[in-house]
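Per our numbering, the sequence shown starts with residue 167, numbered consecutively.
Structure first, then comments.
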Amino acid sequence: MKKPFSSPARARRAPLLAVLGGAFLVAGSVPIWAQTTPDGSSSGVPAPAPAFSAPAIGNVQAVGPNFKLQPGDVLAVQVANHPEMSAATVAVSANGKLNLPVVGALTAQGKTIGQVSTEITRAYSTQLKRPQVSVTLVSSVARQLVVRGTVAKPGPIDVRNDLRLSEVIAAAGGLMVDGVAISGNEAQATLVRGKATARPLDLGAALSVPQSPANLVLKAGDVINVTARALVSVALAGDGVAPSVVKIRLSSAQPQVRVNDVLKAGGSLKSKPEQTRGFLLRNGQKTPLDVNALFNGGNPAADLVLQSGDQLNFETIEIKKIDVSVVSLDGSVKLPGNFTFENEASALRTLVQAGGFAT
Numbered sequence: 167m168k169k170p171f172s173s174p175a176r177a178r179r180a181p182l183l184a185v186l187g188g189a190f191l192v193a194g195s196v197p198i199w200a201q202t203t204p205d206g207s208s209s210g211v212p213a214p215a216p217a218f219s220a221p222a223i224g225n226v227q228a229v230g231p232n233f234k235l236q237p238g239d240v241l242a243v244q245v246a247n248h249p250e251m252s253a254a255t256v257a258v259s260a261n262g263k264l265n266l267p268v269v270g271a272l273t274a275q276g277k278t279i280g281q282v283s284t285e286i287t288r289a290y291s292t293q294l295k296r297p298q299v300s301v302t303l304v305s306s307v308a309r310q311l312v313v314r315g316t317v318a319k320p321g322p323i324d325v326r327n328d329l330r331l332s333e334v335i336a337a338a339g340g341l342m343v344d345g346v347a348i349s350g351n352e353a354q355a356t357l358v359r360g361k362a363t364a365r366p367l368d369l370g371a372a373l374s375v376p377q378s379p380a381n382l383v384l385k386a387g388d389v390i391n392v393t394a395r396a397l398v399s400v401a402l403a404g405d406g407v408a409p410s411v412v413k414i415r416l417s418s419a420q421p422q423v424r425v426n427d428v429l430k431a432g433g434s435l436k437s438k439p440e441q442t443r444g445f446l447l448r449n450g451q452k453t454p455l456d457v458n459a460l461f462n463g464g465n466p467a468a469d470l471v472l473q474s475g476d477q478l479n480f481e482t483i484e485i486k487k488i489d490v491s492v493v494s495l496d497g498s499v500k501l502p503g504n505f506t507f508e509n510e511a512s513a514l515r516t517l518v519q520a521g522g523f524a525t
């Protein structure tokens, strides 16, 4: 019986082909037809590597899903089982691009890490079937905004994720003037972004209602300028009140300070309004106050608008009772009788109280 023909050359080539074939599947660039199947069935390719996590370069804080890349940020890109397509570190260039092996440049500036990962996966899909791509932030350039003015800690604040106005004020230590905390209504603020005109901010709404549209999302490069509203200082003097200095800070709810505001803050009058005389002293000039109208609401204009440095003087009036009897022997007065007057009693006042002359 003849043995099957087997040439020495064929015998030598067979092991070589087997070795080359094995090397092609394990270490070579796997073509689309040779990729691992979704159900994990054997295709001659090892299972995908676990998600890649690059070591951090520098101190990289956790970033949220809305973190957007900019030039100088460094990423690690891992394509499972394909080191020739992976990059341990790749920086976003000055023109906002990532230069990757095989697929070349992709735009990264202004995009989230998730968006960039999707685009890299799409790019490598032209070379591989269902590529498994992992993108990790290795380091990032400084992202800061600046808060100036009446806050506890003015200066730069790191912006890693989306920060709202209320969070930025909190990071700056809160609103404060000379060591005293103030409310959002007692301060004014503007936002300067890029070359745009300064935009007014509603700190009162932003701090009291976090869900308010006034609680804006801020960005790196923004400048927040905060100023306290004016503090109106008014002195109370005279024996009709307890002497003191009343300080009231203006606010969005109280844009002016009036006489009644100072009296409420500094204590009420010692005597009844009708027994009190008052005047406003401003720059050496005296302006009489209608004390009765202030308390009885008969004349709103009597509640004067005050300025810082004003002085309110209130004095108690001593009321004297004067009794006058009107007697008409010939019936010439309509209502003769007894009348009581305070402080003074003239003949004319007495006659008026008596109803005047009879006709």
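Positions of the beta carbon are idealized from the N, C-alpha and C atoms, including for glycine.
inquiry  = What does the Cβ neighbour count give for GLY387, buried or exposed, with the cut at 16 atoms within 10 Å?
reply    = Looking at its Cβ environment, which holds fewer than 16 other Cβ atoms inside 10 Å, GLY387 is exposed.
Task: Contacting residues, own chain, Cβ-Cβ under 6 Å from ALA396 (five flanking each side not counted) - done: Only LEU416 meet the Cβ criterion.
For ASN462 and SER332, I'd like the C-alpha separation in whole angstroms.
Whole-angstrom Cα-Cα distance: 42 Å.
* Of the residues VAL245, THR316 and ALA260, which one's Cα is nearest the Cα of THR284? -> The shortest Cα separation from THR284 among VAL245, THR316 and ALA260 belongs to VAL245.
* Mind the definition here: the segment 349 to 363 touches the segment 416 to 425 only if three or more C-beta pairs lie below 8 Å; say whether that holds. => Yes, since at least three Cβ pairs between the segment 349 to 363 and the segment 416 to 425 fall closer than 8 Å, the two stretches touch.
Item checked: Top-ranked residue by Cα proximity to VAL457, from VAL423, GLN451, GLN473 and SER437 -> Relative to the Cα of VAL457, the nearest Cα in the group VAL423, GLN451, GLN473 and SER437 belongs to SER437.
request  = Going by CA-CA distance only, name the one from ASN261, LEU266, GLN236 and ALA260 that's closest to ALA242.
outcome  = Checked all of ASN261, LEU266, GLN236 and ALA260; the closest Cα to ALA242 is LEU266.
Where VAL375 falls, given that 16 or more other Cβ within 10 Å makes a residue buried: It is exposed - the Cβ of VAL375 has fewer than 16 other Cβ atoms within 10 Å.
GLY262 and GLN275: beta carbons closer than 7 Å? GLY262 places its beta carbon less than 7 Å from that of GLN275.
| Helix, strand or coil at ARG314 [DSSP, three-state] | DSSP places ARG314 in strand when its eight states are reduced to three.
Checklist line | Endpoints, the alpha helix (DSSP H) within which ARG288 is located | finding: Boundaries of the alpha helix (DSSP H) harbouring ARG288: 279 to 290, taken from the DSSP string.
task: Step through the CB atoms of chain D and report whether any lies within less than 7 Å of the CB of VAL258.
output: No chain D is present in this structure, which holds just one protein chain.
Evaluate GLY270 with the Cβ neighbour count: other Cβ atoms within 10 Å of its Cβ, from every protein chain shown; 16 or more gives buried, anything less gives exposed.
-> With a 10 Å radius around the Cβ and a threshold of 16 neighbouring Cβ atoms, GLY270 comes out exposed.
Problem - Delimiting residues of the beta strand (DSSP E) encompassing LYS234 - result: Run containing LYS234: none; DSSP gives neither H nor E here.
| message | For a test of the three-state rule: what should DSSP assign to GLN441, helix, strand or coil? | response | In this structure, GLN441 counts as helix in the three-state DSSP scheme.
**Prompt:** Going by alpha carbons, who is nearest to VAL268 out of VAL258, ALA260, SER252 and VAL256?
**Reply:** Of the candidates VAL258, ALA260, SER252 and VAL256, the one whose C-alpha sits nearest the C-alpha of VAL268 is SER252.
Next item on the list: Assign ALA380 to buried or exposed, taking buried as 16 or more other Cβ atoms, counted over all protein chains shown, within 10 Å of its Cβ.
Entry: Flag for ALA380 reads buried.
Contact belief for PRO237 with ALA254 at Cβ below 8 Å, rounded distance in angstroms
At roughly 19 Å, the Cβ-Cβ gap does not stay under 8 Å, so PRO237 and ALA254 are not in contact.
Assign SER430 to buried or exposed, taking buried as 16 or more other Cβ atoms, counted over all protein chains shown, within 10 Å of its Cβ.
-> First, the amino acid is wrong: residue 430 is Lys here, not Ser. Only exposed fits LYS430, as fewer than 16 other CB atoms lie within 10 angstroms of its CB.
GLY404 and GLU481 closer than 7 Å at C-beta:
Yes. Within cutoff.
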